[in-house]
Amino acid sequence: MSTLTHGTTPTSQSDTAARPGPAESRRRTSAHLLLSPGVVNGILLVAAFYTLMPVSWLLFAATKNHRDLFATSGFSFGDFNLFANLQRVLTFNDSIYLRWFGNSVLYSVVGSAASTLLCVATGYAFDKYAFRGKEKLFGVVLGGVLVPTTVIQLPMYLLASKAGIVNTYWALLLPALVNPFGVYLARVFSEGYVPNEVLEAARVDGAGELRLFARISLPMLAPGFMTIFLFSFTASWNNFFGALVMLNDDSLYPVNLGLFMWNSVTQQQPEYYSLVITGSLVAVVPLIVAFVCLQRFWRSGLTAGAVK
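Each residue of the sequence shown is one higher than the last, beginning at 728 in the working numbering.
So, in structure tokens, the structure goes:
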């Protein structure tokens, strides 16, 4: 016969196993500290500082004349010659920089808009229509995402040479229409934003397929359209290697290739340094404006299909 002492309770084996040991408690405490808001916000601040450091250096350097550019600290203001440097960039060599800037706007805005519309229509067709070999064809499209752009530049140049469009605007506009990743995103957006019931109701009312896409589906796909456009715009604006391969006439250069040509002569003519720095600062502005103006579409587009 066994007795129990008053004030004590029997401890089962399961309770002992459920109680964390000292080492496990320390690990949980360390993980909790690492995921605390203060630590996470500190890491994000460091990442933001690292990301914005080159742009801030451009802003500081653009306020300096040629002498202060090499005689003062990199992260210190000069004599605030920003407007003088800007005027010099915009008027140098018969305002060639404005021509380059306009070319970049043409390649990025017109090319990206046409490419985005084509991607949205293609992704919509892959999602809403059934045809023979659809999934295999879509697999081929996904395979195009894996091919680096630099690998296909030489074949694209040979094709453009056969077509006679080398050193023309079409040499950059036509290749920009092909965007496999945009087609993939468009199909995801179509699955998340365009209900099949709405399309069936419109067909019952007598709407044709083209009108169905233009009047009903395309407005629903507006967040996805702007998201794909933003990605395409950024890629087109930063398309340096394609322009370097395809173009020889400096009047057709985009702004990044033009700045590269200026930078290539800085060793012989150091006065070009201020032109390159100020021109680079101006070239960053459209990307910042695009992200600020389109970020609400981008945020909503990234959540497409996340909630069913």
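We treat Cβ as the ideally placed atom computed from N, Cα and C, and that holds for glycine.
For clarity, every value in this text was computed on a predicted model and none was experimentally measured.
Check: How would you call Arg-914, buried or exposed, if buried means at least 16 neighbouring beta carbons within 10 angstroms?
Finding: Numbered from its first residue, the sequence shown carries residue 914 at position 187. Arg-914 should be labelled buried.
Check: In three-state terms, what does DSSP make of Thr-961?
Finding: Translated into the one-based positions of the sequence shown, residue 961 becomes position 234. Secondary structure of Thr-961 (DSSP, three-state): helix.
Check: Can you tell me whether Val-767 is buried or exposed, with buried defined as 16 or more other CB within 10 angstroms of its CB?
Finding: Walking along the sequence shown from the start, residue 767 turns up at place 40. Counting Cβ neighbours within 10 Å, Val-767 comes out exposed, since fewer than 16 surround it.
Notebook entry, point to check: Are the beta-carbon atoms belonging to Ser-959 and Ser-839 less than 7 Å from one another?
Noted result: Taking the sequence shown and counting its residues from 1, one reaches residue 959 at position 232. Taking the sequence shown and counting its residues from 1, one reaches residue 839 at position 112. In this structure, Ser-839 lies closer than 7 Å to Ser-959 by Cβ.
Notebook entry, point to check: Nearest-angstrom Cα distance between Ala-852 and Tyr-884?
Noted result: The sequence position of residue 852 within the sequence shown is 125, counting from 1. The sequence position of residue 884 within the sequence shown is 157, counting from 1. Rounded to whole angstroms, Ala-852 to Tyr-884 spans 30 Å at the Cα level.
Check: On the three-state DSSP scale, how would you describe Ile-892?
Finding: Taking the first residue of the sequence shown as 1, we reach residue 892 at position 165. Coil.
Next item on the list: For Lys-861, I'd like the list of residues in its chain whose CB is within less than 8 Å of its CB, leaving aside the five on either flank, ordered along the chain.
Entry: Stepping through the sequence shown from its first residue, residue 861 is reached at position 134. Taking Lys-861 as the centre and dropping the five residues before and after it, the same chain places the C-beta of Phe-853 closer than 8 Å to its C-beta, in chain order.
Item checked: For Gln-814, the first and last residue of its enclosing alpha helix (DSSP H) -> The residue you call residue 814 lines up with position 87 of the sequence shown. That run of the alpha helix (DSSP H) goes 809-818.
Check: Got a sec? Which residues, its chain only, sit under 7 Å from Ala-789 by beta carbon, not counting five neighbours each side?
Finding: Residue mapping note: residue 789 aligns to position 62 of the sequence shown, counting from 1. Apart from the 5 residues on each side of it in sequence, Ala-789 sits with its Cβ closer than 7 Å to the Cβ of Leu-809, Asn-812, Ile-1004, Thr-1005, Leu-1008 in its chain, given in chain order.
Item checked: Residue closest to Asn-966, alpha-carbon to alpha-carbon, out of Leu-984, Asn-975, Ser-978, Pro-950 -> In the sequence shown, the residue the question calls residue 966 occupies position 239. Its Cα nearest to that of Asn-966, the residue Leu-984 stands out among Leu-984, Asn-975, Ser-978, Pro-950.
Checklist line | Arg-865 versus Phe-804, Pro-907, Asn-975, residue with shortest Cα-Cα distance | finding: Working through the sequence shown from its first residue, we reach residue 865 at position 138. Residue 865 is actually Phe in this sequence, not Arg. Cα-wise, what sits closest to Phe-865 is Pro-907.
Note to self: At the level of alpha carbons, what is the spacing between Val-893 and Met-973?
What the structure shows: Position 166 of the sequence shown, counted from the start, is the residue given in the question as residue 893. Position 246 of the sequence shown, counted from the start, is the residue given in the question as residue 973. If you take the alpha carbons of Val-893 and Met-973, they lie about 6 Å apart.
Notebook entry, point to check: Less than 7 Å separating the beta-carbons of Arg-826 and Ser-944?
Noted result: Residue numbering aside, residue 826 sits at position 99 when the sequence shown is read from its first letter. Residue numbering aside, residue 944 sits at position 217 when the sequence shown is read from its first letter. No, Cβ-Cβ distance for Arg-826 and Ser-944 is not below 7 Å.
Margin query: If the criterion is Cβ atoms closer than 7 Å, does the pair Leu-904 and Leu-845 meet it?
Written below: Start at 1 with the first residue of the sequence shown, and residue 904 comes out as number 177. Start at 1 with the first residue of the sequence shown, and residue 845 comes out as number 118. The beta carbons of Leu-904 and Leu-845 sit closer together than 7 Å.
Margin query: Taking 8 Å as the limit between beta carbons, can you name the residues of its chain near Tyr-920, skipping five residues before and five after?
Written below: Position 193 of the sequence shown, counted from the first residue, corresponds to residue 920. For Tyr-920, the CB contacts under 8 Å within the same chain, skipping 5 residues up- and downstream, are Met-947, Leu-948, Pro-950, Gly-951, Ala-1031 in chain order.
Notebook entry, point to check: By DSSP, does Lys-863 sit in helix, in strand, or in coil?
Noted result: Translated into positions along the sequence shown, residue 863 becomes position 136. Reduced to three states, the DSSP call for Lys-863 is helix.
Next item on the list: Measure the alpha-carbon distance for Ser-800 versus Gly-909 and round it to whole angstroms.
Entry: By one-based count along the sequence shown, residue 800 stands at place 73. By one-based count along the sequence shown, residue 909 stands at place 182. Answer to the nearest angstrom: the Cα atoms are 43 Å apart.
Item checked: Which of helix, strand or coil DSSP assigns to Asp-854 -> Counting from 1 along the sequence shown, the entry for residue 854 is found at position 127. Asp-854: helix per DSSP, three-state reduction.
Item checked: Beta-carbon separation (whole angstroms), Lys-855 vs Leu-786, contact threshold 8 Å -> Position 128 of the sequence shown, counting from 1, holds the residue named residue 855. Position 59 of the sequence shown, counting from 1, holds the residue named residue 786. About 48 Å separates the two Cβ atoms, so there is no contact after all.
Next item on the list: Check Val-874 in the structure and name its three-state DSSP category.
Entry: Against the sequence shown, residue 874 aligns to sequence position 147. Three-state result, Val-874: coil.
Notebook entry, point to check: Which of the three DSSP states, helix, strand or coil, is assigned to Gln-1022?
Noted result: As a position in the sequence shown, residue 1022 is number 295, starting the count at 1. The answer is helix: DSSP assigns Gln-1022 an H, G or I state.
Checklist line | Euclidean distance between Cα positions of Ala-887 and Ala-841 | finding: Taking the first residue of the sequence shown as position 1, residue 887 is located at position 160. Taking the first residue of the sequence shown as position 1, residue 841 is located at position 114. Approximately 19 Å, taken between the alpha carbons.
Check: Given that a residue counts as buried once 16 or more other Cβ atoms are within 10 Å of its Cβ, and exposed if not, what is Thr-818?
Finding: Here residue 818 corresponds to residue number 91 of the sequence shown, with the count starting at 1. The Cβ neighbour count for Thr-818, taken over all protein chains shown within 10 Å, is under 16; the residue is labelled exposed.
Check: In three-state terms, what does DSSP make of Asp-795?
Finding: Start at 1 with the first residue of the sequence shown, and residue 795 comes out as number 68. Three-state result, Asp-795: helix.
Next item on the list: Enumerate in chain order the residues of its own chain whose CB-to-CB distance from Gln-880 is below 7 Å, with the five nearest sequence positions on each side excluded.
Entry: The residue you call residue 880 lines up with position 153 of the sequence shown. The beta carbon of Gln-880 is closer than 7 Å to those of Phe-968, Gly-969, Val-972 in its chain, skipping five residues each way along the sequence.
Note to self: Restricting to Cα atoms, I'd like to know which of Ser-1001, Trp-964, Ser-991, Val-992 is closest to Ala-1017.
What the structure shows: Reading the sequence shown from its first residue, position 290 is the one you call residue 1017. For Ala-1017, the nearest C-alpha among the options comes from Trp-964.
Notebook entry, point to check: Can the beta-carbon of Phe-828 be found less than 7 Å from the beta-carbon of Val-982?
Noted result: Numbered from 1 along the sequence shown, position 101 holds the residue referred to as residue 828. Numbered from 1 along the sequence shown, position 255 holds the residue referred to as residue 982. Yes; because the gap between Cβ atoms is below 7 Å, this pair is in contact.
Check: Count the other CB atoms within 10 Å of the CB of Met-780; is the residue buried (16 or more) or exposed (fewer)?
Finding: What you label residue 780 is simply residue 53 of the sequence shown in a count that begins at 1. Label assigned to Met-780: exposed.
Next item on the list: Count the other C-beta atoms from every protein chain shown that fall within 10 angstroms of the C-beta of Phe-1036, then say buried if there are 16 or more, exposed otherwise.
Entry: Residue 1036 lies beyond the residue range present for the chain, which begins at 728 and ends at 1035; the question has no answer from this structure.
Next item on the list: Report yes if the CB atom of Phe-956 is closer than 7 Å to the CB atom of Thr-843, and no otherwise.
Entry: Taking the first residue of the sequence shown as 1, we reach residue 956 at position 229. Taking the first residue of the sequence shown as 1, we reach residue 843 at position 116. Against a cut-off of 7 Å, the Cβ pair of Thr-843 and Phe-956 comes out as a contact.
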